[in-house]
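Undergrad: Next up is a structure, given as structure tokens.
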Amino acid sequence: MQVDIYGTLGPKCSDEETLTEMFKCGMSGIRLNLSHTTLERAADRINVYHAAARRAGIEAKLLIDMQGPEIRIGSLKEELSLEEGEKVKLVSEVLLKKQNALKTEVGKETEKGKEAVKGKEVEKEVEKETEKEADDSEKIIPVPEYIFEYIEKGQEILIDDGKILLEALDKGEKTADKIEQISCIAKRGGKLASRKSLALIGKEVKSPTLTKQDKENLKKAVNYGVTGIMQPFVRNREDLKNLRNAMKECGCENLRIFAKIENLNGVESLEDFMDLADEVVIARGDLGNAMPLWELPAVQKKISAECRNRNVPFMVVTQMLASMEKSAVPTRAEVSDIYNAVLDGASSVMVTGETAVGDYPVEVIRYLSNTVKEAEKNKK
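Using this note's numbering, the letters of the sequence shown correspond one by one to residues 13 to 392.
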């Protein structure tokens with residue numbers, strides 16, 4: 013069985029020339045991350061991708077990675093830089109939108125020169141809503157409002173696949189009888205951009221299988237040449253049933269389902285739902301946030317063995333060639349990681365940021381493909 017090799021579509025591999033070279037180096041298909049965009053907004057890149065596939069003479073695969081139940085921070089006005097020991101506030105996206113709307117209303121009243129009752133009433137409302145708002149100097153991260161019920165003092169919060177680690181300093185501040193902001197301290201700092209992942213260590217946060225935007229993307233999937241749906245954070249059989257029902261409603265029930273294992277629920281329930289998946293994805297980024305990192309290799313081996321025993325194809329993804337985002341040559345450890353994944357029986361391997369935002373997308377696919385071929389030669 014030939015191993016499929018996937019890249020991830022992004023700004024560093026969005027031109028036809030680069031994509032054609034990636035195909036020539038052995039790429040089978042590509043992933044489009046819909047946590048940051050939609051099929052419509054990515055239409056130009058998708059068209060270029062299909063053109064490159066035709067040029068290379070390849071019937072390429074296109075996988076769309078849904079947002080699903082994954083928790084993400086909201087949009088930031090600009091990149092946020094956090095230092096270790098610095099304070100930051102998590103604030104409900106709903107509260108921030110309300111505050112911004114009220115401030116806009118005050119601005120309109122002022123421009124019209126209305127100093128009387130209406131303007132003053134709006135100003136009072138703003139004061140009421142923002143009396144506990146962070147100072148201008150305090151850094152703010154917008155987050156979904158439903159996460160606050162799961163956060164207590166001392167709760168550790170991972171952002172951007174664990175690159176940033178925060179600790180809650182309190183239970184939060186109430187606005188209109190519900191908690192909508194919590195002060196935290198950065199235990200591990202870094203640079204933060206919009207829409208990055210967020211995880212609460214040790215907590216199972218209940219969220220829907222699919223978002224409204226996910227369903228809109230499913231409706232358009234066939235028209236854009238999508239061949240597979242990657243469902244994040246599969247927790248149980250119900251998640252895949254919900255996805256299959258939604259795909260049927262949206263007219264894309266014939267597309268392949270890639271079930272991403274990214275939390276402990278997914279690991280523990282795998283045998284119960286793997287028959288509903290066309291391929292299981294060992295997504296080591298968030299999975300590594302759900303446990304001490306030194307336990308991750310054993311869990312990867314366990315999932316690989318379960319898939320082999322049930323004859324279910326599986327993919328390995330995340331940081332396979334992470335150093336190549338900035339280096340033209342991978343580390344020996346990365347090459348060994350790819351090699352061992354193939355020996356364990358992986359039917360697919362995938363890179364993410366390495367091709368999407370890395371400096372050497374073509375070289376990444378070349379090293380990935382050559383390492384896979386070498387492993388296939390020596391596989392028993």
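Note that beta-carbon positions come from the ideal geometry of N, C-alpha and C, so glycine has one too.
#1: Is the beta carbon of Ser360 sitting closer than 9 Å to the one on Met327?
#2: Is DSSP giving Ser40 helix, strand or coil here?
#3: For the beta strand (DSSP E) containing Arg296, name the first residue and the last one.
#4: Using only alpha-carbon positions, find the residue among Leu94, Glu192, Cys37 and Glu52 that is nearest to Gly201.
#5: Would Val374 and Leu333 qualify as a contact pair, given that the criterion is a beta-carbon distance under 9 Å?
#6: Our contact map puts Gly19 next to Met39 with C-beta atoms below 8 Å; I'd like the distance itself, whole angstroms only.
#7: From Ile152 to Leu204, what distance separates their C-alpha atoms?
#8: With a threshold of 16 other CB atoms inside 10 Å of the CB of Asn45, please say whether the residue is buried or exposed.
#9: Near Lys175, what residues of its chain come up, given a Cβ to Cβ distance below 7 Å and the 5 sequence neighbours on each side ignored?
#10: Taking Ile194 as the reference, give the member of Glu168, Leu308 and Lys24 with the closest Cα.
#11: With 16 other CB atoms within 10 Å as the buried threshold, where does Leu74 fall?
#12: Report the option in Arg67, Asp16, Lys36 and Glu33 whose CA atom is closest to the CA atom of Arg43.
#13: Which of the three DSSP states is assigned to Glu52 in this structure?
#14: Short of 7 Å in beta carbon distance, which residues of its chain neighbour Ala63, apart from the five on each side in sequence? Order them along the chain.
#15: Compare the Cα-Cα distances from Asn248 to each of Glu274, Val354, Asp371 and Pro156 and report the closest residue.
#16: Between Thr383 and the rest of its own chain, which residues show a CB-CB distance below 7 Å, the 5 nearest in sequence each way excluded?
#17: Report all residues from its chain with a CB closer than 8 Å to the CB of Asn229; omit the five preceding and five following residues, and keep chain order.
#18: According to DSSP, simplified to helix, strand and coil, what is Pro156?
#19: Can you tell me whether Cys268 is helix, strand or coil according to DSSP?
#20: For Glu143, does the three-state DSSP call read helix, strand or coil?
#21: In this structure, how does DSSP classify Val369 when only helix, strand and coil are distinguished?
#22: Give, in chain order, every unbroken run of the beta strand (DSSP E) that is at least 3 residues long and sits entirely within the segment 194-253.
#23: Return the first residue and the last residue of the alpha helix (DSSP H) that Ile70 is part of.
#24: Between Ile159, Ser206, Ile171 and Leu170, which lies nearest to Lys183 when the distance is taken from Cα to Cα?
#25: Does DSSP classify Leu92 as helix, strand or coil?
TA: Let me lay it out:
#1: Against a cut-off of 9 Å, the Cβ pair of Met327 and Ser360 comes out as a contact.
#2: It is coil, neither helix nor strand.
#3: Looking at the DSSP string, Arg296 is not in any beta strand (DSSP E); the run it does join, the alpha helix (DSSP H), is Arg296 to Asn301.
#4: Closest in C-alpha terms to Gly201, from the list Leu94, Glu192, Cys37 and Glu52, comes Leu94.
#5: No; because the gap between Cβ atoms is not below 9 Å, this pair is not in contact.
#6: Contact flag correct, Cβ pair sits at about 5 Å.
#7: Each residue's Cα considered, the two are about 11 Å apart.
#8: With 16 or more other Cβ atoms inside 10 Å of its own Cβ, Asn45 counts as buried.
#9: By the criterion of a C-beta distance shorter than 7 Å, Lys175 is surrounded in its chain by Gly202, once the five residues flanking it on both sides are discounted.
#10: That would be Glu168, whose Cα lies nearest to the Cα of Ile194.
#11: Around the CB of Leu74, 16 or more other CB atoms lie within 10 Å, so the residue is classed as buried.
#12: The candidate whose alpha carbon is nearest that of Arg43 is Asp16.
#13: For Glu52, the three-state secondary structure derived from DSSP is coil.
#14: Closer than 7 Å at Cβ, skipping near neighbours: Glu28.
#15: Residue nearest to Asn248 within the set Glu274, Val354, Asp371 and Pro156 is Glu274 (criterion: CA-CA distance).
#16: Result list for Thr383: Val347, Ile350 and Tyr351, in chain order.
#17: Excluding sequence neighbours, Asn229 sits near Leu46, Thr50, Leu51, Ile76 and Met78.
#18: Pro156: coil per DSSP, three-state reduction.
#19: It should be pointed out that residue 268 corresponds to Arg in this sequence rather than to Cys. It is a strand residue.
#20: With a pLDDT of only 46 at Glu143, under the threshold of 50, the placement of this residue in the model should not be trusted, and no figure is reported.
#21: Under the three-state reduction of DSSP output, Val369 falls in the coil class, being neither helix nor strand.
#22: Assignment of beta strand (DSSP E) within the segment 194-253, counting only whole runs of 3 or more residues, yields 202-204, 210-212 and 240-243 in chain order.
#23: Premise fails: Ile70 is in no alpha helix (DSSP H) and is neither H nor E.
#24: With distances taken between Cα atoms, Lys183 lies closest to Ile159.
#25: Leu92: strand per DSSP, three-state reduction.
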